[in-house]
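Student: Here you go, one structure.
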Amino acid sequence: MDTNEEIIQDQDVSASQNQPGARKRALALVNIDLCTGCAICANVCPVNCVTIVPSELNFKGVATVNERCTGCNICAIDCPWFAIIMVNADGTKKDPAEYAKQLQRLRGYR
C-alpha cells in the first residue's frame, strides 16, 4: 500500500459522508510522496484551507488540507506535481490528468 492510500484510509472520507449535514463534494487529499512544499496550492486556495507544514520528507514541508475544504479542485488543478487528488463522497478518485483537461476548459480551450 502506498502512502497516498494510507492517507485516504486514515482520513476515512466515507465515514464523514454519512453524518447529518455531511459534505456531498469531493475532498482534497495530498500525496506526501509527490508534494514538494512549493505552496502553489496554499496560494490559490479560495478558503485558505491548505497549509504547508514542516516535514522530514523535504526541507520546505508538505501541504495539508483541513476540514474547510469545499472540493473546488483549484489546488489539484494548479499543482504542477499532481500531488493532490480529489476523493468524491462515494470514495472514487479523479485521475490527476483530468485536472489539466478541466483547467483547459476553464480557460476556454476545448
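Take 1439 as the starting number for the sequence shown in the numbering used here and just add one per residue. Cβ coordinates follow ideal geometry from the N, Cα and C atoms, glycine included.
1. Who are Ala1466's beta bridge partners in DSSP?
2. Who are the Cβ neighbours of Cys1473 in its own chain at under 6 Å, not counting the five residues just before and after it?
3. Just the C-alpha distance for Glu1536 and Glu1494, rounded to the nearest angstrom, thanks.
4. Identify whether Ala1501 lies in helix, strand or coil by the three-state DSSP scheme.
5. For the beta strand (DSSP E) that contains Val1491, what are its first and last residues?
6. Skipping 5 residues on each side, what residues in its chain have a beta carbon closer than 6 Å to that of Arg1506?
7. Can you tell me where the alpha helix (DSSP H) with Leu1544 in it begins and where it stops?
8. Would you kindly work out how many angstroms separate the C-alpha atoms of Cys1483 and Pro1518, rounded to a whole number?
9. Across which residues does DSSP place Lys1532 in a beta bridge pair?
10. For Ala1538, which residues in the same chain have their Cβ closer than 7 Å to its Cβ, ignoring the five residues on either side in sequence?
Tutor: Let me lay it out:
1. Residue pairing by DSSP places Ala1466 opposite Met1524 in a beta bridge.
2. Val1500, Ala1501 and Ala1521
3. 30 Å
4. strand
5. Val1488 to Val1491
6. Val1485 and Cys1487
7. In the DSSP assignment, Leu1544 falls within the alpha helix (DSSP H) that extends over Ala1535 to Leu1544.
8. 15 Å
9. DSSP lists no partner for Lys1532.
10. none
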